[in-house]
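Okay, structure first, notes after.
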Amino acid sequence: MRTRSYIFVLVLLALGVAAGVALIQRSKSALAEPLASAMEQPEGTPTAEPEERNNSTAAAQAGNSVSEHTETEGQEEIPCIPVRAARVQGVEGLALQMSRPLMFDVGPVYGFAADDEYLYVGSWGASKHSIAIYQARRTDLTYAQMRVLPQDVNCYLGGLDVGNEYLVGTLLREGESGTALLFIDRKMLQVVKLVEIPVRVGPVAQGPDGTIYAYGLDDNTGYVLDAEGMILQETLKGAETTYHGLDIANGRLICAGWDEGEGLDVIDVVEPGDFSIVTRHRVYLKPASCDSLTSAGLAMHQDTFFFVAGAGPRPMVMSFGLDDVTLSEFIP
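First residue of the sequence shown? That's 0 in numbering that gives the first Met the number 0, and the numbers climb one at a time after it.
And the structure:
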């Protein structure tokens with residue numbers, strides 16, 4: 000009797016195990032079918048996404064104004080014409096390369112210049128009775144060195160340029176009708192020469208032959224001077240365009256400033272012989288931190304254009320490169 004009971008129990012256990020195995024196999028088959036279907040799906044066929052993700056993707060695509068390609072669900076990629084932001088809200092002929100703040104504090108910027116390694120920034124020192132010349136590394140805009148030029152009265156820099164051997168700057172003092180031309184050693188930032196001239200000029204640049212070009216602050220008169228400050232030529236241009244920055248490239252003057260008639264910042268390519276405008280590039284970019292891109296001047300090195308935009312202790316440095324044009328096309 001006991002033996003029959005044991006056999007009956009064993010039979011029940013065997014039946015239970017068999018039923019469990021069958022159930023597991025059915026479950027595996029049910030899971031494998033959609034997996035196999037997904038694996039057989041042709042490459043490139045779009046898969047369903049949650050609605051939230053689709054909405055986010057659509058919003059991101061709508062907010063991106065510059066795109067090389069557009070994709071339509073279920074269709075082949077269709078190339079589109081790229082739209083250059085510089086043509087819409089930038090600088091004609093130039094494309095933005097970098098926009099980042101100086102990595103140290105400065106006062107209001109009045110003139111700056113650039114060479115292979117450094118940016119040179121002119122500002123007030125501890126007070127309006129002193130001028131500070133800062134040297135910043137171009138690679139990361141960090142501080143390299145600074146020199147303070149004390150004065151007896153309120154003063155400011157009207158312009159700064161990397162000349163043939165020295166930095167050339169214009170120093171304007173309150174209550175004086177003239178300007179001091181400063182020749183500053185680039186390594187130590189020391190003034191090695193100071194020349195007084197009888198007119199008030201701001202933006203300044205030195206040509207390859209040592210000739211100095213400058214624009215007057217009051218009536219935008221163009222001046223040509225020698226290295227000793229003697230005025231060789233002056234050409235009255237009127238005050239409709241006020242230039243804040245000046246450089247030289249391809250035998251032309253590159254002048255950045257504000258045109259009252261157009262209500263825009265402009266970069267003018269000017270003939271140095273008679274100060275006539277050869278061509279004009281309009282600036283449509285309005286930095287959020289200031290009203291004018293050119294108010295602090297212009298620095299140019301090779302085919303890169305630098306601007307300092309904004310107030311505050313760490314203004315933005317913006318660099319632009321040529322946008323699908325050659326330098327000779329931009330500066331004919």
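Beta carbons: idealized from backbone N, C-alpha and C, even for Gly.
Between the segment 263-276 and the segment 225-243, the count of Cβ pairs shorter than 8 Å is three or higher; the stretches touch. Going by C-alpha positions, Tyr133 is about 13 Å away from Gly168. No residue range can be given for Ser176, since it is assigned to no alpha helix (DSSP H) and is classified by DSSP as neither H nor E.
A check of alpha carbon separations from Ala310 across Leu93, Val105 and Asp151 identifies Val105 as the nearest. When Val316, Thr241 and Ile230 are compared, the shortest CA-CA separation from Ala298 is found for Val316. Leu292 carries a coil assignment under DSSP once its states are collapsed to helix, strand and coil. In this chain, the beta strand (DSSP E) harbouring Ser122 covers Tyr117 to Trp123. The residue among Leu224, Val200 and Asp208 with its C-alpha nearest the C-alpha of Tyr242 is Val200.
In the structure shown, the three-state DSSP call for Ser327 is helix. Val268 and Leu245 have their C-alpha atoms spaced approximately 10 Å apart. The segment 282-295 and the segment 321-330 do not touch, with fewer than 3 CB-CB distances between them shorter than 8 Å. The Cβ-Cβ distance between Arg281 and Val307 does not fall below 7 Å.
Boundaries of the beta strand (DSSP E) around Pro202: Val200 to Gln205. Going by DSSP, Leu95 is part of the beta strand (DSSP E) stretching over Leu93 to Pro100. In chain order, Leu140, Met315 and Val316 place their CB closer than 8 Å to the CB of Arg99, counting only its own chain and leaving out the 5 sequence neighbours on each side. When rounded, the separation of the alpha-carbon atoms in Gly158 and Ser122 is 10 Å. For the options Gly256, Trp257, Ile247 and Leu284, the alpha carbon positioned closest to that of Glu270 is the one of Ile247. A check of alpha carbon separations from Leu118 across Val161, Glu261, Tyr212 and Ala125 identifies Val161 as the nearest.
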